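Just so we're on the same page, our numbering is the position in the sequence shown counted from 1, plus 228.
Using N, Cα and C, we set each Cβ at its ideal position, and we do this for glycine too.
All of these numbers come straight from a predicted model, not from anything done at the bench.
Below: one structure, written as structure tokens.
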Amino acid sequence: MRRHGGEAGLIPPTLKDVSQLAGVSQSTVSRVLSGADTIVPIAPETRDRVMRAAETLRYRPHPLARGLRGAGTALLGLIVRDIADPFFTAMLKGIAQEARRRGYNVVLGDARSSAEEAQALTQILEVRHCEAILLVGDVADEPRLLADLTGTHMTLVGLCQGTRAPGLLTVNADGARGARLALDHLYALGHRRIALIDAGWIGDAAPRRA
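Laid out in structure tokens, this is it:
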């Protein structure tokens with residue numbers, strides 16, 4: 229007898245199990261759970277029966293199977309230049325929250341400022357069929373890493389890249405405007421002797437602020 233559930237050692241339920249419990253065909257279960265349009269409408273009571281069966285068995289569609297059907301895996305890959313940086317930590321929290329709100333799960337990898345480790349992560353994320361990769365942190369000084377990432381089939385977006393790399397879609401903060409607003413605020417408070425302390429940020433973000 230098959231035992232289903234989310235506990236370790238139990239056999240995960242299949243589409244066939246859901247269809248047997250609901251008393252409908254597997255194709256009906258697939259259409260109900262995927263939300264796909266149907267030529268012949270599915271009765272509300274049938275939909276309810278399928279959803280109750282899936283909930284009872286704790287059935288979860290396999291993400292890779294969804295991807296093969298063209299529905300997407302709902303997985304986003306994140307490669308972070310320095311996960312210990314508090315700035316990036318706060319950014320990752322916001323990315324994860326927004327991803328969940330839009331129905332995506334996040335696969336996180338820490339590059340630890342090493343191109344070799346980040347390249348290995350790229351292969352892992354690609355094998356997991358992530359729909360896109362977000363590269364968080366400047367890689368202007370890592371041409372090998374950038375070449376490896378842009379060579380994948382996945383959509384790649386760089387966040388806080390500093391120097392805009394050719395062929396890479398990037399989203400950057402407006403550092404120059406931020407610095408101007410900070411200076412205006414300090415000037416309004418009466419400060420006139422203002423100094424800039426640069427922490428040695430890689431890329432062109434610091435020069436823009438200066």
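Along the chain, where does the alpha helix (DSSP H) containing residue i start, and where does it finish?
{"i": "A360", "result": "Where A360 is concerned, there is no enclosing alpha helix (DSSP H), although the beta strand (DSSP E) it sits in stretches over 360-364."}
{"i": "M279", "result": "272-285"}
{"i": "T256", "result": "254-262"}
{"i": "L243", "result": "243-250"}
Residues bridged to residue i by DSSP?
{"i": "N333", "result": "L303"}
{"i": "V399", "result": "L387"}
Can you tell me whether residue i is buried or exposed? The criterion is at least 16 other CB atoms within 10 Å of its CB, across all chains shown.
{"i": "T256", "result": "buried"}
{"i": "Y415", "result": "exposed"}
{"i": "I239", "result": "exposed"}
{"i": "P314", "result": "exposed"}
{"i": "A410", "result": "exposed"}
{"i": "I422", "result": "exposed"}
CA-CA distance, residue i and residue j?
{"i": "V399", "j": "V252", "result": "48 Å"}
{"i": "R306", "j": "A360", "result": "Arg is not the amino acid found at residue 306; the sequence shown has Leu there. Spanning the two alpha carbons is a distance of roughly 9 Å."}
{"i": "T242", "j": "N333", "result": "21 Å"}
{"i": "A271", "j": "A324", "result": "36 Å"}
{"i": "A288", "j": "R259", "result": "It should be pointed out that residue 288 corresponds to Arg in this sequence rather than to Ala. Looking at the two C-alpha atoms, the distance is approximately 14 Å."}
{"i": "V335", "j": "L303", "result": "7 Å"}
{"i": "A327", "j": "K321", "result": "10 Å"}
{"i": "L377", "j": "D402", "result": "25 Å"}
{"i": "G295", "j": "G406", "result": "Reliability of the predicted coordinates at G295 is poor, the pLDDT of 48 falling under 50, and the value obtained from them is presented with this limitation in mind. Approximately 41 Å, taken between the alpha carbons."}
{"i": "R408", "j": "R277", "result": "60 Å"}
{"i": "H413", "j": "D426", "result": "19 Å"}
{"i": "R337", "j": "V268", "result": "For the sequence presented, residue 337 should be read as Gly rather than Arg. Answer to the nearest angstrom: the Cα atoms are 44 Å apart."}
Residues in the same chain with beta-carbon distance under 8 Å from residue i, minus the five sequence neighbours each way, listed in chain order, please.
{"i": "M319", "result": "V364, L387, C388"}
{"i": "G298", "result": "Unreliable placement is indicated for G298, whose pLDDT of 48 sits below 50; no coordinate value is reported for it."}
Give every residue of the same chain whose Cβ lies closer than 7 Å to the Cβ of residue i, excluding the five residues on either side of it in the sequence, and list them in chain order.
{"i": "K244", "result": "Q254"}
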